[in-house]
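The structure appears right after this line, and notes come after that.
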Amino acid sequence: MADKPWVAFYWCASCGGCEEAVVDIAEKILDVVEAVNIGFWPVALDFKREDVESRPDGFFVASFVNGAVRTSEQEEMVKLLRKKSRLIFAFGSCSHLGGIPGLANLYSREEIFDYVYRKSPSTENPGETLPAENSRENGNELHLPEFYDRVYSLDQVIPVDYYIPGCAPPPDIVMNALEALLEGKLPDKGAVLSPNKALCSTCPLNETKPEKLLIRELKRPHEFQADPEKCFLTQGLLCMGPATRTGCGERCIRAGMPCRGCFGPLDNALDQGLSMLSALASILDFTPQEKEELERVLGACPDPAGTLYRFSLPSSILKGKRRL
Ligand code: SF4
Ligand code: SF4
C-alpha cells in the first residue's frame with residue numbers, strides 16, 4: 001500500500017453523473033484500485049477535509065475534480081487539492097467548461113434566490129427566509145459557504161493540467177486517462193484528453209450530408225419523427241456536431257438524437273457557441289430580402305443561449321449575461 005501512488009476525487013457543482021462515470025469503468029476499477037491508493041473521495045469513502053490538509057504538498061499524484069465552482073467551500077477545496085496534488089484533472093463538462101450549472105450565469109444570485117426561495121410554484125416560505133452565510137437559531141450559530149454571483153469552470157479558479165471531457169465522460173475516455181497517468185504517457189499539459197477533431201468527422205451520418213448543405217427550417221426533436229439514418233442538421237435539427245470535439249463514440253447520434261455539445265470546443269475554437277453560430281450562418285439559405293422569414297425560422301430555437309452554450313457558458317467569451 002505504501003508504494004502505490006495516491007489519488008483523490010472531488011465534486012463541486014455537479015449532478016453526480018461524473019461520480020457514476022468513475023464506477024462505469026466496471027471491473028477495470030479493480031485494476032485502478034490495484035494500482036493506486038484513493039486518499040479522498042467524499043461520495044464513496046469516509047475521508048475528511050482534515051485528512052487532505054494533513055498530507056504534505058504534492059502528496060497526491062493526481063486529483064480528479066468534477067463539477068463547476070459556485071461556492072466559497074468549493075473554491076477552498078479545489079485550492080487545497082491543487083496544493084496537495086502534482087496533477088489536476090478537470091473531470092467532465094462542468095469542471096472543464098462550467099457545464100449545465102453554468103447556465104445559471106444568465107441570472108444574478110439575487111434573481112436565483114428570489115425564484116428558488118420565494119416564487120417557485122413548489123416553494124412554501126411564508127417568512128421569505130433566504131439562506132444567510134451566518135445565522136443564529138436556538139442559541140446555535142450556523143455558517144454556510146458563500147454562494148458566488150456566478151459559476152466558474154475549474155481553470156478559472158486553479159491551474160488545471162488535463163481535461164477529461166463529457167457529460168458524463170464515457171468509460172473508455174476515463175480509462176484511457178487513468179492508463180496514460182499510470183503508464184506515464186500523458187500528453188503535454190493543458191491537453192483535452194480526446195481527439196482534436198469535430199464530431200461530424202467521425203459521425204456515421206456524415207456521409208448522408210449533401211456536398212453543399214443548405215437549410216430553410218429549424219425544427220425541435222419533439223416536433224417531428226426524425227430519420228435516424230440521416231444527418232440531423234440536414235433535417236433542420238440543431239445538431240452541435242460541427243462545433244463539438246469528438247471522442248464520445250457519437251453516443252447521442254447513435255441513440256437517435258442530435259449532439260448537444262458536451263465534449264466542448266476544439267482546441268483552436270475561441271467559443272463553442274460562436275463556432276456553431278458561424279456554422280449555422282453558413283448553411284441557413286436566406287437572402288437579405290428574406291429577413292422576416294429568417295427571423296421566423298430562428299424563432300424555432302426558443303433558447304439560443306441554452307442551446308449554443310448548454311455546456312460552455314462560463315468559459316465562453318461573454319461568460320454569462322452582461323448587465324449594464
Ligand atoms: S451535424 Fe450531427 S448528425 Fe450531422 S454529421 Fe454532424 S454530428 Fe452527425
Ligand atoms: S453526441 Fe454530443 S452531446 Fe452526445 S455525448 Fe457526444 S459530444 Fe456529448
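Numbering (the numbering used here), first residue to last: 1 to 324.
Ideal placement from N, C-alpha and C gives every residue a C-beta, glycine not left out.
As the structure is a prediction and not an experimental result, all values here were calculated from the model.
Here the C-alpha atom of Ala62 lies approximately 50 Å from the C-alpha atom of Leu294. By the C-beta criterion, the stretch 192 to 205 is judged to be in contact with the stretch 263 to 281, since at least 3 inter-stretch pairs fall below 8 Å. As DSSP reads the structure, Leu237 sits in a beta bridge with Lys219.
Three or more beta-carbon pairs separated by less than 8 Å are not found between the stretch 213 to 230 and the stretch 243 to 251, which leaves the two stretches without contact. The closest heavy atom of ligand 2 lies 6 Å or more from the beta carbon of Thr208. A contact is defined here as three or more CB-CB pairs under 8 Å, and the stretch 210 to 217 fails this definition with respect to the stretch 154 to 174. With a minimum length of 3 residues, the unbroken runs of beta strand (DSSP E) contained wholly in the stretch 22 to 107 fall at 37 to 40, 60 to 66, 69 to 71, 85 to 91.
Taking 8 Å as the upper bound for CB-CB distance, Leu313 and Asn105 are in contact here, some 5 Å apart. Within the same chain, and ignoring the five residues on either side of Ala300 in sequence, the residues whose Cβ sits closer than 7 Å to its Cβ are Leu218, Lys219, Arg220.
Excluding sequence positions up to five before and after Glu20, its CB lies within less than 8 Å of the CB of Ala168, all in the same chain and listed in chain order. Only exposed fits Gln225, as fewer than 16 other CB atoms lie within 10 angstroms of its CB.
Sorted by chain position, residues whose beta-carbon lies closer than 5 Å to a non-hydrogen atom of ligand 1 are Leu199, Cys200, Cys203, Leu205, Asn206, Cys231, Phe232, Leu233, Cys239, Gly241. Cβ-Cβ separation between Gly58 and Lys28: approximately 27 Å, too far for a contact (criterion under 8 Å). If you draw a 10 Å sphere on the C-beta of Leu142, you find fewer than 16 other C-beta atoms in it, and that means exposed. Checking the 6 Å criterion, the Cβ of Thr244 is within range of a heavy atom belonging to ligand 2. For Phe9, the enclosing beta strand (DSSP E) starts and ends at 6 to 11.
With respect to Ser153, Ser315 sits close: the two C-beta atoms are nearer than 7 Å.
Judged by DSSP in its simplified three-state form, Arg310 adopts coil rather than helix or strand. Judged by their CB atoms, Ala269 and Pro242 are not nearer to each other than the 7 Å cut-off.
The shortest CA-to-CA distance from Ser278 to any of Pro171, Glu53, Tyr115, Thr244 is the one to Thr244.
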